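A.B. asks: Using the working numbering, the letters of the sequence shown correspond one by one to residues 696 to 1004. For each residue, glycine too, the CB sits at the ideal point set by N, CA and C. It should be emphasised that the depicted structure is a prediction, and the values quoted were computed from it without experimental measurement.
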Amino acid sequence: MGRRKSGDVVNGWVCLDKPFELGSTDAVSRVRRLFNAQKAGHAGTLDPLASGILPIALGEATKTVPYLMEAQKVYRFTINWGVSTDSVDREGQIIARSDVRPSPEAVRAALPSFVGEIDQTPPRFSAIKVDGQRAYDLARDGAEFELASRRVTIHEAAVTATPDADHVELTIRTGKGVYVRSLARDLAIMLGAEGHVSALRREAVGPFSTQNAVTLDILADLVHRNAALEGLLPVATALDDIPELAVTDGEAFSLRQGRPIVLLPRQVETLKGRLVDGSRTVSVFQGQTLVALGQLRAGRLEPDRIFNL
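Laid out in structure tokens, this is it:
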């Protein structure tokens, strides 16, 4: 007989507004303990020096994490002109200084060069592995190494505040894999300045945003009032851009058994019209209950993830 998992069965998403200086792993641990949940994970690391949206999956929601990793993200951050650091944030060692203070107009004029598909080299202080070791460990040890550039997408970039000559605030909407610190570094180079990221906040990850976020204090209060489930969003929240298919009780039973179901021609055509970027993934519902994620192939829906909800 299998070993019984510790904790309670809790299924859903927590859209956490992560505080500054708390690591993503620690944030997941705190949320898991608050709910006494058996299983938890997060969708996209947020550095301790950043605050903002960290989607945390509990229970069956962990099965949808891969779909959220592809979601667009929104970041708001401040560049502090005049000083560059080795980590391109305010915790790093100063490596250069300059009296150059780019004007807001100059920043706005430079931003279009960073919008669209661009090649971006990650910062040396990053979690990318080099010969089995984290780049930030190698950088701290003073090792010489090069990181390869990668193709990333920045959909939008705008100046959103100019508090003084030493600072400019930007807001960007990105695809996956974009490093804000790399953007700040490259923008400073283009403008002939020195600069680093002095504040960073993630405001959205796909459907998770500051509009549906909760703090750890709010969650703790809900738990104290025996109302923890009020802090949960449905498992299907992460699947908001995946076409939905309603099925009968019999079809739901077949899918839960791992068997494909045959679709009507009109169902196939409707789903094909909603699929984007060559995807075949469809979310299946029995009433309001998420049953499965499946692949549309040759007029059939073949289940590849089953949900026990």
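#1: Starting from LEU895, trace the beta strand (DSSP E) both ways and give me its first and last residue.
#2: Between the alpha carbons of GLU841 and ALA732, how many angstroms are there, rounded?
#3: When DSSP labels each residue in this structure, what does GLY736 get in the three-state scheme?
#4: Look up THR848 in the DSSP assignment and give the residues it is bridged to.
#5: For the beta strand (DSSP E) holding LEU966, just list the boundary residues, first then last.
#6: Taking just the CA atoms, how far does ASP814 sit from SER844?
#7: Roughly how far, in whole angstroms, is the beta-carbon of VAL863 from the beta-carbon of PRO902, given that I think they are within contact range, below 8 Å?
#8: Cα separation between MET696 and THR780?
#9: Is it buried or exposed, GLU898, if we count other Cβ atoms within 10 angstroms and call 16 or more buried?
#10: State the DSSP-derived secondary structure class of VAL979, mapped to helix, strand or coil.
#11: In whole angstroms, give me the CA-to-CA distance for MET885 and ALA805.
#12: Under a three-way DSSP split, which group does GLY926 fall into?
#13: Please state the DSSP three-state secondary structure of ILE884.
C.D. replies: The relevant details are as follows:
#1: Looking at the DSSP string, the run of the beta strand (DSSP E) that includes LEU895 is 890 to 900.
#2: Spanning the alpha carbons of GLU841 and ALA732 requires a straight line of approximately 41 Å.
#3: GLY736 falls in the strand class under three-state DSSP.
#4: Residue pairing by DSSP places THR848 opposite GLU812 in a beta bridge.
#5: First-last for LEU966: 960 to 969, but that is the alpha helix (DSSP H), not the beta strand (DSSP E).
#6: Put simply, the backbone Cα of SER844 is about 6 Å away from that of ASP814.
#7: Actually they do not touch by this definition, with Cβ atoms about 29 Å apart.
#8: Here the model assigns MET696 a pLDDT of 48, short of 50, so the residue's position is not dependable and the matter cannot be decided.
#9: Buried, since its Cβ has 16 or more Cβ neighbours within 10 Å.
#10: Correct three-state label for VAL979: strand.
#11: Approximately 8 Å, taken between the alpha carbons.
#12: Residue state, collapsed to three classes: helix.
#13: Helix at ILE884.
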